[in-house]
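In terms of my numbering, the sequence shown opens at residue 4 and continues consecutively.
Glycine is no exception: its CB is placed at the ideal position from the N, C-alpha and C atoms.
The structure displayed is predicted, hence computed values, not measured ones.
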Amino acid sequence: MVEWIGPRHTNFPDGSVCAYHPVLDKAWSPGDDLCVLLDIYSVWALRHLHLVVFDRWPGRQYAMPDELGQSDPYYRLIQFKAAELCSCGSNRRYGECCQPHDLKLPFLSILHAFERRNLGLSILDRAPPAEIAALIAQGGQNPPPPMLEVHLTLRAHLADLRGDR
């Protein structure tokens, strides 16, 4: 049986790999060298192995933004562990940085605010596209669907680059 690597550090809502921040990291853009992207994805997979073995994400991580463009406190509370680096850029661990503040916020309010910004979806609704799950379940016998049909984040990024929004 094949297991999905996620939901942590995957894009919302399609569950695709979230190995870098396209704007802040400037690590790779569509059209760049594919070997660089594969290197980034390899490091992402090793970080997931570290998460499984040591129960914490190694290194820097980002949180989805709230309505002000800041790290969303609901996202951090659900996704970050106290011993992991905080997403605010302080180089401190979340438990020693923003977590005490996040814990004081009214949980249901920040949950509902998150859901309003994300089409009513919960952070736990991230999953691979049904077409990809079906392809794997069938043993890969059929050709995969076109990437832009199933990768919503990439499609939105390309639309932004073209100015389609």
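First through last residue of the alpha helix (DSSP H) which encompasses residue i
i, result
"E152", "150 to 153"
"H12", "No alpha helix (DSSP H) contains H12, which DSSP labels as neither H nor E."
"K107", "102 to 107"
"R79", "76 to 82"
Residue i (DSSP reduced to helix, strand or coil)
i, result
"S45", "helix"
"V56", "helix"
"L27", "coil"
"R63", "coil"
"R50", "helix"
Exposure label - residue i; buried when at least 16 CB within 10 Å
i, result
"G142", "exposed"
"G18", "buried"
"I139", "exposed"
"C38", "exposed"
When the options are compared against residue i, the one with the closest alpha-carbon
i, options, result
"I81", "R165, R11, G166", "R11"
"E134", "A66, V153, G9", "V153"
"C100", "S112, K84, L114", "K84"
"R59", "P76, C89, Q73", "C89"
"A137", "L108, P148, R79", "P148"
"Y77", "I126, P33, S93", "I126"
As an exercise, report each continuous alpha helix (DSSP H) stretch of at least 4 residues that is fully enclosed by the stretch 116 to 162, in chain order.
Qualifying alpha helix (DSSP H) stretches, in chain order: 133 to 140, 150 to 153.
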